[in-house]
Amino acid sequence: MSNKLLAKGLAGALAASVALVPLMAQAGDLVIESWRNDDIDIWNDKIIPAFNEKHPDIHVSFKPTTPTEYNAALNAKLSGGTAGDLIACRPFDASLELYKQGNLASLNDLAGMDNFSDVAKSAWQTDDGSTTFCVPMASVIHGFIYNKEAFEEVGVEVPKTTEEFFQVLDKIKEDGTYVPMAMGTADQWEAATMGFQNIGPNHWNGEEGRKALIDGSQKFTDKPYVDTFAELARWKDYLPDGFEAISYPDAQNLFSLGRAAIYPAGSWDISLFNKQADFKFSAFPPPAPAGSDTCYISDHTDIGMGLNAKSKNAEEAKVFLEWMTGPDFAKLYSNALPGFFSLSNAKVDIEDPVAQEFVSWRQKCKSTIRNSYQILSRGTPNLENELWNISAQVINGTLTPEEGAKKAEDGLQKWYAPHQK
Amino acid sequence: MAHSGPMTDWRKAKLPVFAFLAPATILYTLFMIYPLIDSIRLSFFSATNGGDLAFVGLDNYRTVLSDPDWSHTFWNSFWNNMKFFAVHMLVQNPIGIALAAVLSLPRLKLRNTYRTLIFMPTMLSVVIVGFIWQLILSPVWGVGADILDIVGLKSLFGPWLGKEGSALITMAFISVWQWVGIPMMLIYAALLAIPEDLVDAAIVDGATHFEVFWHIKLPLVLPTVAMVSILTFVGNFNAFDLIYAVKGALAGPNFSTDIMGTLFYRTFFGYQLQLGSPTLGATVASLMFLIILAGVLFYLFVVQRRLSRYQL
Chain A
1 MSNKLLAKGL
11 AGALAASVAL
21 VPLMAQAGDL
31 VIESWRNDDI
41 DIWNDKIIPA
51 FNEKHPDIHV
61 SFKPTTPTEY
71 NAALNAKLSG
81 GTAGDLIACR
91 PFDASLELYK
101 QGNLASLNDL
111 AGMDNFSDVA
121 KSAWQTDDGS
131 TTFCVPMASV
141 IHGFIYNKEA
151 FEEVGVEVPK
161 TTEEFFQVLD
171 KIKEDGTYVP
181 MAMGTADQWE
191 AATMGFQNIG
201 PNHWNGEEGR
211 KALIDGSQKF
221 TDKPYVDTFA
231 ELARWKDYLP
241 DGFEAISYPD
251 AQNLFSLGRA
261 AIYPAGSWDI
271 SLFNKQADFK
281 FSAFPPPAPA
291 GSDTCYISDH
301 TDIGMGLNAK
311 SKNAEEAKVF
321 LEWMTGPDFA
331 KLYSNALPGF
341 FSLSNAKVDI
351 EDPVAQEFVS
361 WRQKCKSTIR
371 NSYQILSRGT
381 PNLENELWNI
391 SAQVINGTLT
401 PEEGAKKAED
411 GLQKWYAPHQ
421 K
Chain B
1 MAHSGPMTDW
11 RKAKLPVFAF
21 LAPATILYTL
31 FMIYPLIDSI
41 RLSFFSATNG
51 GDLAFVGLDN
61 YRTVLSDPDW
71 SHTFWNSFWN
81 NMKFFAVHML
91 VQNPIGIALA
101 AVLSLPRLKL
111 RNTYRTLIFM
121 PTMLSVVIVG
131 FIWQLILSPV
141 WGVGADILDI
151 VGLKSLFGPW
161 LGKEGSALIT
171 MAFISVWQWV
181 GIPMMLIYAA
191 LLAIPEDLVD
201 AAIVDGATHF
211 EVFWHIKLPL
221 VLPTVAMVSI
231 LTFVGNFNAF
241 DLIYAVKGAL
251 AGPNFSTDIM
261 GTLFYRTFFG
271 YQLQLGSPTL
281 GATVASLMFL
291 IILAGVLFYL
301 FVVQRRLSRY
311 QL
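Chains as they are written, first to last, in UniProt numbering: chain A, 1 to 421; chain B, 1 to 312.
Set out below in structure tokens:
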């Protein structure tokens, strides 16, 4: 074969392969974008195979990014037109913005959406509630996970009120075998998410306070919020030495190695502790201040799944989303990932005992979501990021509870009209 | 053109010259100059509610430099950057010079081993370096406290990465640890270029090794030191990765480790619930560019000109 012919042949083969690649990729190939890189095995081993049993012709791949980079990476991919077909949705504004920019399709007419309550859908709706753009997947609940054996050894009971809670911490500290509470402030977000948003709803009466902040009838400088910061500030004495430099994985390890008695938790921590801890552990809800007759928990709508408006496989993607609204997925997901609680109305039996404990609080207590997520993080400074910084500083002792509350209010006042009055 | 000698062939050589320059020029223009100019252009725009870009002139710059929220963050990150740079200039480069001087001593054994060991960290990924040092300095697992205990200084140990007062300095030291190999290598190469007879003559005249270094070698390598400094400056003011790997884009505690790179990341890409703003991000990037440009120009017109170069 002459060189010329060879070159022509090669060029032809190259052109053909380039032309074929999109065709091959199009045959029902769905790509899922998500920030849950911890879940890659569960998707590949359990969820996708279960879907393929019913729809063997649709090929699905799960392509997650690290949580902190997800929003940035996703926005870049969407504007570059390379984003996947299915997009894991953060609750509220981040996804709402994606919908407004035309990146997420409306799912109003998706069959199966009526399997979800209005509250479940509220995290992925337009402000007027007329359009829903993501299938609600799961919520996470905050509380405290504790080492049962440590509690027995020290001789303390699960605390019901805030004062009991601090008495328990005092006793564990006196005993000296265990670090009373495993948490650090190095990554800042734990202080806000597992601290402020965990114990706060009991002070601001859950949804009542959250809505009052949004309509401006309550301010961060009001008693409930200052009290929350004040309670948070008391944690300092019970955290491990050098907690200012202890990161989130450090705290997880301290607890799962059995060196700490209490761990301020999100229910998503359960699966890690199941794998790593070789002692019995359980959970208790955030203790309420003495005298309050209702308890409140943060049952945060955390993750949903939307459809990329520019997806070339919209039909197949809708089939997948429809499957996600059904009871099979609800059951599979809640049990594959103990601590992520399905938002579906379908009755789901949860097998994991600690996850059962968490979800049982829904019966006793009133649920609310994190107060910085809806509307209040739309401007600069962003309330969620502010709360990270302020909560960490309040625990570190570099801000007093009053100063912290004022800083949060000042930040909100800068851009949010209802707080400027 | 008033050139003589080989340059008279300039006209004949024109075509090959352009041909050789073209690939680099085209690539550089396409991937460096064009994005730079486009990013500066973007900084004069702002996104409207509909998502379209509208020309706003210098408004973004006014926001970043005079809006109390933004200017506070910007100048905080600028001063942190200056401190970060100062630590490198005061610690990394003198140590680099000292190590190079020791390495170039004529009777040093295991020279190549030391050189490799000291240079090694520069080849590690920043993420790994950040992770290793976080572990070493961790108040829970770290060997840092134990090592200090051996020399009886355990009381000095603290959660350095978590305190506002010490976090930035600690980060700078980690960066110094990683990068000290670069000035060492460059200066070592310059030291090797110094002719033996100069040093021999000084020794014959009764100079000690230290005097030889101070009066002969150092003046001869000063141009290299100056070049290392400007590289350090550009590198430090573009720094981002180490801080991001260890402290995240919120550069805690309370923004005490926030440098312009992390500020740019937060502004451009957003972080957690904060949505990114490409136009404000471009403004921060342009300001970083201007600051680096000012530094380089200062070096070219003030420092470079005063350096005397000796004919060896």
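Note that beta-carbon positions come from the ideal geometry of N, C-alpha and C, so glycine has one too.
Residue i classed as buried or exposed, judged by whether at least 16 other C-beta atoms fall within 10 angstroms
| i | result |
| --- | --- |
| H72 of chain B | exposed |
| V180 of chain B | buried |
| Q363 of chain A | exposed |
| H215 of chain B | exposed |
| A405 of chain A | buried |
| M32 of chain B | exposed |
| Y225 of chain A | buried |
| I37 of chain B | exposed |
| L297 of chain B | exposed |
| P49 of chain A | exposed |
| W79 of chain B | exposed |
| Q134 of chain B | buried |
| D215 of chain A | exposed |
| S130 of chain A | exposed |
| A245 of chain A | buried |
| V225 of chain B | buried |
| R370 of chain A | buried |
For residue i, three-class secondary structure by DSSP
| i | result |
| --- | --- |
| L23 of chain A | Bear in mind that a pLDDT of 41 at L23 of chain A, under 50, signals an unreliable position, so the number given afterwards is only what the model happens to contain. Here L23 of chain A sits in helix by DSSP. |
| P159 of chain A | coil |
| V18 of chain A | Low per-residue confidence applies at V18 of chain A: pLDDT is 44, beneath 50, and the placement is therefore not dependable, though the value from the model is reported in the following sentence. Residue state, collapsed to three classes: helix. |
| L161 of chain B | helix |
| residue 325 of chain B | An answer regarding residue 325 of chain B cannot be provided, because it is not within the stretch 1 to 312 covered by chain B. |
| M324 of chain A | helix |
| V135 of chain A | strand |
| A83 of chain A | coil |
| S271 of chain A | helix |
| residue 316 of chain B | Outside the shown range of chain B (1 to 312) lies residue 316 of chain B, about which nothing can therefore be said. |
| S311 of chain A | coil |
| L104 of chain A | strand |
| P246 of chain A | The identity of residue 246 of chain A in the sequence shown is Ile, whereas the question assumes Pro. It is coil, neither helix nor strand. |
| A186 of chain A | coil |
| S372 of chain A | coil |
| G209 of chain A | helix |
Same chain, Cβ closer than 6 Å to residue i, five either side skipped, listed in chain order
| i | result |
| --- | --- |
| P139 of chain B | P159 |
| V158 of chain A | F284 |
| I177 of chain A | The sequence given here has Thr at residue 177 of chain A, not Ile. Closer than 6 Å at Cβ, skipping near neighbours: no residue. |
| A330 of chain A | S342, S344, A346, V348 |
Within chain B, partners of residue i - CB distance below 8 Å
| i | result |
| --- | --- |
| Q188 of chain A | G248, L250, G252, P253 |
| I246 of chain A | S138, P139, V140, P159, G162 |
| P240 of chain A | P139, V140 |
| R393 of chain A | Reading off the sequence shown, one finds Gln at residue 393 of chain A, where the question assumed Arg. The contacting residues are P253, N254. |
Residue i: contacting residues in chain A (beta-carbon distance under 7 Å)
| i | result |
| --- | --- |
| F20 of chain B | Those within 7 Å of F20 of chain B in chain A number zero; the least Cβ separation is about 26 Å. |
| F269 of chain B | A72 |
Chain A contact residues for residue i, given Cβ-Cβ distances below 9 Å
| i | result |
| --- | --- |
| D69 of chain B | T380, P381, G411, K414 |
Residues of its chain near residue i, where Cβ-Cβ distance is below 7 Å and the 5 sequence neighbours each way are ignored
| i | result |
| --- | --- |
| E163 of chain A | A290 |
| N205 of chain A | Y296 |
| Y271 of chain B | A249, L250 |
| G81 of chain A | K310 |
| A120 of chain A | P136, T301, L343 |
| T283 of chain B | S43, N60, Y61, V64 |
| I182 of chain B | T122 |
Contacts around residue i, its chain only, beta-carbon distance under 8 Å, and the 5 residues preceding and following it disregarded
| i | result |
| --- | --- |
| L300 of chain B | none |
| P23 of chain B | none |
| V154 of chain A | K171, I172, D175, T177, Y178, A261 |
| P353 of chain A | S282 |
| N238 of chain B | G261, M288, I292 |
Within chain B, the residues that residue i reaches when beta carbons sit closer than 7 Å
| i | result |
| --- | --- |
| P224 of chain A | In chain order: nothing, as chain B lies at least about 22 Å away. |
Contacts of residue i in chain B (Cβ-Cβ under 9 Å)
| i | result |
| --- | --- |
| Y373 of chain A | L273 |
Members of the stretch 156-172 of chain B that neighbour chain A once the beta carbon cut-off is set at 8 Å = G158, P159, W160, L161, G162, K163, E164
What are the residues of the stretch 272-285 of chain B that lie near chain A, defined by any Cβ-Cβ distance shorter than 7 Å?
-> Q272, L273, Q274, L275, G276
Could you list the residues in the stretch 396-409 of chain A with a C-beta less than 9 Å from some C-beta on chain B, going in chain order?
-> N396, T398, L399
Taking a cut of 8 Å between CB atoms, which residues from the stretch 131-145 of chain B lie near chain A?
-> From the stretch 131-145 of chain B, only Q134, L137, S138, P139, V140, W141 have a Cβ closer than 8 Å to chain A.
Residues in the stretch 229-248 of chain B with C-beta within 7 Å of chain A's C-beta atoms, listed in sequence order?
-> G248
Residues of the stretch 143-157 of chain A with Cβ closer than 8 Å to any Cβ of chain B, in chain order = none
Pull out every residue of the stretch 96-119 of chain A whose Cβ sits closer than 7 Å to any Cβ of chain B, in chain order.
-> E97, Q101
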